[in-house]
Each structure stands twice: as C-alpha cells, then as structure tokens.
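Peer 1: One structure, as structure tokens, below. Some questions next.
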Amino acid sequence: MPGKKLKKKMEKQARKARQRRTMYLSVGGAVIVVIALLAYYGYVNALSHPPSPPLTSYIGEKISPPLYSSLVSLSTQGYGYVNTTLVQKEITPYGNSTWLDNGKPIIVYIGGEYCPYCAAVRWPLVLALLRFGNFSGLEYMLSSSTDYYPNTPTFTFVNSSYTSEYIVFQPFEAFSRTPAAGGYQPLQSVPPNYSALWNSLTGGGIPFIDLGGRYVIASSLYDPGLLQGLNWTQVVQKLETNSRLALRVYQAANAITATICKIDGNKPSSVCSNPNITQLENALRGSYSPLKLSFQAGTPDTMATTWTNVQYTQIAPTKNSEKTR
C-alpha cells in the first residue's frame, strides 16, 4: 500500500511539472513571437520612415525637382496679401533712368550665405522672380549656425542661373557660410561698379537688392525668426496655408513683384495687371528721392545722379566668380 501511494504522489508531481513546462514553453514562445513581430515591424517602419539626415547635409546640394515645382506653384499664388506700408517704407527710389541689358531691366542682389536676413529675403525674392522667369541650379543653404536666427533654411544663388523674357537677374553671394577671422570667408566678387553703389547706399550692409537702378531694398522685409526650426519642406507647407509666415513672405514677394512691374513696363500682363499688384505699384514712392532722407547712413545726392548716368558698358553683366566654398 505505501508503495502505491508513493507512486501516485510521484505521478502527480510529474504531471504538475509537465504542466509547468508546457506553460513556460507556451509563454516563452508567445514572448518570442511578440519580440519577432516587434522587430519585423520596427524594421519595416525603419525602411519606410528612415531617420532624417541633418539639415546641414543638404548644404550645397541642388534643390530637389519636387521642391522647385512647389516654388513655381507657390509663385502663382498669394497675390491677395497686400501691404502698401511695406512698399513705401522698405523700397527706396533713388534713380531716374533704368539699367538695361538688351532692353531688359537689371536686378542686382548682393548677400551672404551666412546672413539670416539674406536667408529670409531669398524666399520672397525667388517667388517674385519666378513670376517673370525660371531658375536652374538653385542649391540648399542654411544661414550661419552661430549668428542671429541660426540655421535659417534658404537657398544660395552661387551656382544658379536665371532666364526671363522681361528682366536680367545678377546675384552675388559675397560671403560664404564658413567663418573666418573677423567674419566669414569671401565667396563671390562683386563688380566694382555695383560695389561702389552698394557701399555708398548701405555701407556694405546685406541683403542689398537694386531693381533696375531705380529702387533699392536693404532689408529682409520680414522677421527671419518666422523660419526658425523649419526645414525647406515645412516652409513650403506653411506657405500653402494661411499662416503668419505666408502672410509676410507673400507681402514681400508682392512688393518686389510690383517694383519689377514698375521698371519693366508692366510685363507680363498676366502678373502686372493683377489689381493687387497694380495697387502696390501705385503705392511706390516717386522715381527719385534724396538718399539722405531715405537711408539712415545718408549719402550725397550727387552719387545717385552720377550713378544713373554711368554708361551701360560699365554695368554690363559679369560672370560670377567660381564657387570657393
């Protein structure tokens, strides 16, 4: 009898042990399956959503075709954002005659890749210019990481070209994004004639935009802080909505557009006949005003008079110096 009881007890213990092993194996198998599934879906998610490369990795690369297409599309929009005060305050008339290249007004831009204010103004400048022509070779750029509004997303004109039936665009990025003793490394040489005017009007401040020898813009036209923390795609997304950034960028783009219409004989009509552009064009100040009343630094009136009388052969387009970044 005692032997039978012991045998039953041992069988019971063995049965419980088998049940525990089965349970442990089942739980362990389930855990392994869950881990495998998590690993698989994590792998799939990593493939479909790879980590974004740092913005600095884009610097100097040509902008993507989808981004350029977005800029072209955006340039056809935003005409409803009108700010006549911006036109009257920030666009300064100084010359009576228009600089021409084969009958087309010349627009000169001088800036620096490090400069956050240049970074900001390039957005509305590009949108405005796309209403009159086309770019190729625009590249991604960020302003300096150590200046005000660090790493402001923008473009660089260094290796770009621009074609238009109506205007000529001559950009010069005078400084790179690379720090140097006392500032930033020189990048493109500004022709002496443009440099003389640039220094006379603003003391070499950037951004500097001359529109046909008739008007000057020497500011970013809006706060670069609105671009902080964004990448290029996010800027485009904000420009497609009724955002504060869209308001400011389009107000600036329309102010530039109206000034170009003023100097190129209102061509093309598809752009310049827009009633909002006409309103802004009519808000522009007269064809000439004493520069000492227009710029803080002041400059002799004779400079403006002399400059507008310079022969075209002295302001002929010059090829941008090679990229040295």
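Count the sequence shown with my numbering and you get residues 1466 to 1790, in order.
Where a beta carbon is used, it is the ideal one built from N, C-alpha and C, also for glycine.
This structure is a prediction, so every number in the text was calculated from the model and none was measured.
Considering only residues of the same chain and omitting the five flanking positions on each side of residue 1712, which have a CB-CB separation below 7 Å?
Peer 2: Within the same chain, residue 1712 has close Cβ partners 1546.
Peer 1: Are the stretch 1578–1590 and the stretch 1615–1627 touching by the rule of at least three beta carbon pairs closer than 8 Å?
Peer 2: Yes: the two stretches touch, three or more of their Cβ pairs being nearer than 8 Å.
Peer 1: Does the Cβ of residue 1690 have 16 or more other Cβ atoms within 10 Å, making it buried, or fewer, making it exposed?
Peer 2: Exposed, since its Cβ has fewer than 16 Cβ neighbours within 10 Å.
Peer 1: If you follow the beta strand (DSSP E) that residue 1599 is in, where does it begin and where does it stop?
Peer 2: Taken as a continuous stretch (DSSP letters only), the beta strand (DSSP E) holding residue 1599 covers 1598–1601.
Peer 1: Taking contact to mean 3 or more Cβ pairs, one atom from each stretch, closer than 8 Å, check whether the stretch 1545–1562 and the stretch 1713–1726 are in contact.
Peer 2: Segments in contact, yes.
Peer 1: What are the boundary residues of the alpha helix (DSSP H) that includes residue 1627?
Peer 2: Unbroken run through residue 1627 is the beta strand (DSSP E), 1626–1629; no alpha helix (DSSP H).
Peer 1: By Cβ distance, which residues of its chain are closer than 8 Å to residue 1641, with the 5 residues on each side in sequence left out?
Peer 2: Once the five neighbours on either side are set aside, the close Cβ partners of residue 1641 are 1577, 1578, 1579, 1649, 1650, 1651, 1652, 1789, 1790.
Peer 1: Measuring alpha carbon to alpha carbon, tell me which residue in 1710, 1734, 1602, 1730 is nearest residue 1529.
Peer 2: Of the listed residues, the one whose Cα sits closest to residue 1529 is 1602.
Peer 1: Give me the Cβ distance between residue 1544 and residue 1707, rounded to the nearest whole Å; I'm assuming they're in contact under 8 Å.
Peer 2: That pair is no contact at about 14 Å.
Peer 1: Return the chain-ordered ranges of every beta strand (DSSP E) run that is complete within the stretch 1543–1569 and spans a minimum of 3 residues.
Peer 2: Runs of the beta strand (DSSP E) inside the stretch 1543–1569: 1556–1558.
Peer 1: Can you tell me where the alpha helix (DSSP H) with residue 1524 in it begins and where it stops?
Peer 2: Run containing residue 1524: none; DSSP gives neither H nor E here.
Peer 1: What does DSSP give as the partner residue(s) for residue 1633 in the beta ladder?
Peer 2: DSSP, once it has assigned bridges, lists 1571 as partnering residue 1633.
Peer 1: If you drop the 5 nearest sequence neighbours on each side, which residues of the same chain put their C-beta closer than 6 Å to that of residue 1636?
Peer 2: 1574, 1622, listed in sequence order.
Peer 1: On the criterion of 16 or more Cβ atoms from any shown chain inside 10 Å, does residue 1605 qualify as buried, or is it exposed?
Peer 2: The residue in question, residue 1605, is buried, as its Cβ has 16 or more Cβ neighbours within 10 Å.
Peer 1: Just to confirm the assignment, what range does the alpha helix (DSSP H) spanning residue 1448 have?
Peer 2: Since the first residue shown for the chain is 1466 and the last is 1790, residue 1448 is missing from the structure and cannot be characterised.
Peer 1: From what residue to what residue does the alpha helix (DSSP H) around residue 1619 run?
Peer 2: Segment 1618–1621 is the beta strand (DSSP E) holding residue 1619; no alpha helix (DSSP H) there.
Peer 1: Please state whether DSSP places residue 1671 in a helix, a strand or coil.
Peer 2: Here residue 1671 sits in coil by DSSP.
Peer 1: Taking residue 1743 and residue 1596 to be in contact with their CB atoms under 8 Å, please state how far apart those CB atoms are, rounded to whole angstroms.
Peer 2: With 8 Å as the limit, residue 1743 and residue 1596 do not qualify as a contact, their Cβ atoms being about 14 Å apart.
Peer 1: Note down the Cα distance separating residue 1668 from residue 1685, rounded to an integer number of angstroms.
Peer 2: Computed Cα separation, rounded: 16 Å.
Peer 1: Return the bridge partner residues of residue 1639 from the DSSP annotation.
Peer 2: Looking at the DSSP assignment, residue 1639 forms no beta bridge with any residue, so it has no partner.
Peer 1: Out of 1697, 1695, 1675, 1702, which one is the CA nearest neighbour of residue 1560?
Peer 2: Checking every option, the nearest Cα to that of residue 1560 belongs to 1675.
Peer 1: I believe residue 1599 touches residue 1628 by the beta-carbon criterion, under 8 Å. Please report the beta-carbon distance rounded to the nearest angstrom.
Peer 2: With 8 Å as the limit, residue 1599 and residue 1628 qualify as a contact, their Cβ atoms being about 6 Å apart.
Peer 1: Which whole-angstrom value describes the C-beta separation of residue 1688 and residue 1570, a residue pair presumed to lie in contact below a C-beta threshold of 8 Å?
Peer 2: Not confirmed; about 29 Å, so no contact.
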